[in-house]
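Trainee: One structure coming up, written as structure tokens, with questions to follow.
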Amino acid sequence: MQITELLENIRTLARECGTMILDRSSLMEVDEKGTDSNLVTNMDVRVQGHIAKRALSLLPGSRIVGEEGAHDEKDRERTDGDPGSAYTWVIDPIDGTSNYVRDIGCSVVSIGLFKDGAPYAGVVYNPYKDEMFSGAVGHGAFLNGKKIGVSSRDFAHGHLCSAMSLYKKEYAPPCFRIIEKVYAESDDLRRTGSAAYELCMLAAGRVELYFEIRLSPWDAAAAYPIITEAGGFIECLHQDGFPVDRPFPLIAANTRESFAHLKEIVLSEIPVMPYDERI
Ligand code: IPD
Ligand code: CA
Ligand code: CA
């Protein structure tokens with residue numbers, strides 16, 4: 000299947016998931032995953048199941064890495080896929096689960112596709128604003144069908160999106176120090192509660208700087224090619240490429256200069272990988 004056709008199918012799928020998410024008519028079940036703030040709802044699980052099923056029919060034999068894992072033995076077999084396949088889906092059924100639980104109206108569906116171990120295509124859909132971000136390597140980045148690009152604002156006029164490692168608060172102190180340093184030199188700070196959405200806002204020229212100390216692959220997989228195709232810069236810090244089996248610090252910026260400066264500030268606080276975890 001050609002990438003343009005594949006992207007169209009992924010956008011259709013993301014839109015279907017958005018419709019599911021907007022429907023709050025059935026009872027919401029909320030569980031905690033390890034910490035009080037790391038939530039999962041029955042909708043996260045339902046949406047991931049829907050994506051997994053469709054993704055495997057789009058690319059038979061592909062692998063799936065999803066935030067909500069495999070749910071039973073049958074799913075586990077399905078999501079392991081064919082180890083020889085070139086394609087891996089990296090999906091977050093609801094990025095911004097806490098917003099979703101609280102009905103804040105800022106959560107997205109994030110569907111990333113890796114080819115030969117590297118980010119290849121991504122779709123991020125915000126159903127509350129009907130904003131469909133998509134992109135694929137060599138094919139540009141789009142918002143609702145219109146080409147997007149990063150802004151040309153310099154660091155001093157930049158807005159930073161960031162967070163304080165809410166699921167592992169032991170890493171919060173360096174985050175606060177980094178935010179303080181960046182804030183002193185830039186324009187302002189935003190925190191929406193959805194990393195994938197913030198990264199897409201950077202791709203669309205709404206914000207300029209992004210840093211998080213501990214993101215999981217599914218938080219950033221779909222947005223990665225959208226940012227690079229929009230002319231931005233993004234890096235999983237202290238990693239070779241983009242790993243799908245561990246969390247990592249992530250930085251992104253609109254220009255090469257701002258990216259270099261942001262990286263310098265981040266490295267001054269986290270010069271080495273601060274943790275060694277697998278997912
Ligand atoms: C979280 C959100 C949040 C970010 C966290 C993510 P979730 O994802 O993207 O903005 O700060 O690092 O884990 O749990 O809502 O899917
Ligand atoms: Ca997430
Ligand atoms: Ca999620």
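Residue numbers (numbering that gives the first Met the number 0): 0 to 278. All C-beta atoms, glycine included, are put in the ideal place defined by N, C-alpha and C.
Just the Cα atoms here: how many angstroms apart are Phe154 and Ile177?
Mentor: When rounded, the distance between both Cα atoms is 14 Å.
Trainee: Just how far apart, CA to CA, sit Phe113 and Gly204?
Mentor: When rounded, the distance between both Cα atoms is 24 Å.
Trainee: For Glu66, which residues from the same chain have a beta carbon less than 6 Å from its beta carbon, with the 5 sequence-adjacent residues on both sides left out?
Mentor: Once the five neighbours on either side are set aside, the close Cβ partners of Glu66 are Asp91, Trp217.
Trainee: Are the CB atoms of Leu201 and Val181 nearer to each other than 8 Å?
Mentor: No, these two residues do not count as a Cβ contact at 8 Å.
Trainee: Evaluate Pro224 with the Cβ neighbour count: other Cβ atoms within 10 Å of its Cβ, from every protein chain shown; 16 or more gives buried, anything less gives exposed.
Mentor: Pro224 comes out buried.
Trainee: Throw me the rounded Cβ distance for the Phe232 and Ala220 pair, which I believe falls under 8 Å.
Mentor: Contact doesn't hold; Cβ gap of about 17 Å is too wide.
Trainee: In its own chain, which residues sit with a C-beta less than 6 Å from the C-beta of Glu72, not counting the 5 before and 5 after it?
Mentor: Below a pLDDT of 50, predicted positions are generally treated as unreliable, and Glu72, at 45, falls in that range; no measurement from the model is reported.
Trainee: Any idea if Leu212 is buried or exposed, counting beta-carbon neighbours within 10 angstroms, 16 or more meaning buried?
Mentor: Here the sequence assigns Ile to residue 212, which means Leu is not the residue at that position. Ile212 is buried by the Cβ-count criterion.
Trainee: Compare the C-alpha of Cys199 against each of Ala183, Val149, Glu234, Ala51 and name the closest.
Mentor: Comparing Cα-Cα distances from Cys199 to each of Ala183, Val149, Glu234, Ala51, the minimum goes to Val149.
Trainee: Looking at C-alpha atoms only, which residue of Ser185, Leu26, Val123, Ser106 is the closest neighbour of Val89?
Mentor: The shortest C-alpha separation from Val89 is found at Val123.
Trainee: Which word fits Ser257, buried or exposed, when buried means at least 16 other C-beta atoms lie within 10 angstroms of its C-beta?
Mentor: The residue in question, Ser257, is buried, as its Cβ has 16 or more Cβ neighbours within 10 Å.
Trainee: How is Lys180 classed by DSSP in three states: helix, strand or coil?
Mentor: Helix.
Trainee: Looking at the structure shown, is Ala135 part of a helix, part of a strand, or coil, going by DSSP?
Mentor: Strand, per DSSP.
Trainee: Whole angstroms is fine: what's the gap from Thr34's alpha carbon to Gly121's?
Mentor: If you take the alpha carbons of Thr34 and Gly121, they lie about 29 Å apart.
Trainee: Going by alpha carbons, who is nearest to Gly104 out of Gly111, Gly95, Ile110?
Mentor: Ranking the options by Cα distance to Gly104, first place goes to Gly95.
Trainee: What does a CB cutoff of less than 8 Å around Ile93 pick up in its chain, not counting 5 residues either side in sequence?
Mentor: Only Ile20, Thr40, Met42, Asp43, Val46, Tyr99, Ser106, Val107, Val108 meet the Cβ criterion.
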